[in-house]
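Worksheet for the structure shown next.
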Amino acid sequence: MKIPYHPPIESVTFTKVLQALSEPNRAKIIRCLRDTHENNCTHYTLQLQLPKSTVSHHIKVLREAGLIQARIVGKEHFYSIRTEEIEGKFPGLLDAIGKVNEEDL
Numbered sequence: 001m002k003i004p005y006h007p008p009i010e011s012v013t014f015t016k017v018l019q020a021l022s023e024p025n026r027a028k029i030i031r032c033l034r035d036t037h038e039n040n041c042t043h044y045t046l047q048l049q050l051p052k053s054t055v056s057h058h059i060k061v062l063r064e065a066g067l068i069q070a071r072i073v074g075k076e077h078f079y080s081i082r083t084e085e086i087e088g089k090f091p092g093l094l095d096a097i098g099k100v101n102e103e104d105l
């Protein structure tokens, strides 16, 4: 199985992060991950009422932007926020995302 690419934190830019977060469902995925710490695509498919292919695309954008990372167990991919790295590079960003009202996403 191919290991998903995770960009080094040094190459993660604020512009790429904001671009990834500009889609409301991706911001919702980050908010969910802040609460649950780790989940798979199926969780977000059910929670967001979106097709699995759409959720997979959003996950890929968030991963390639450097916000999340994948952990593979068998055939399952579990995703989590790169909290320490993101907080180190962009202090307060994750808290700000959590404080936005749902209707403002």
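According to UniProt numbering, the sequence shown holds residues 1 to 105 in order.
Where a beta carbon is used, it is the ideal one built from N, C-alpha and C, also for glycine.
None of the values given here were measured: they were computed from a predicted structure.
request  = Please report the residue range of the alpha helix (DSSP H) in which H43 lies.
outcome  = Looking at the DSSP string, the run of the alpha helix (DSSP H) that includes H43 is 41-48.
key: Continuous beta strand (DSSP E) stretch holding V100: start and end   = In the DSSP assignment, V100 falls outside any beta strand (DSSP E), carrying neither H nor E.
Simplified DSSP state of R34, which is helix, strand or coil = Three-state result, R34: helix.
request  = Using a threshold of 8 Å, state whether the C-beta atoms of A27 and L105 are closer than that.
outcome  = Yes. Within cutoff.
query = In terms of DSSP beta bridges, what is Q19 paired with?
reply = In DSSP, Q19 forms no bridge with anything.
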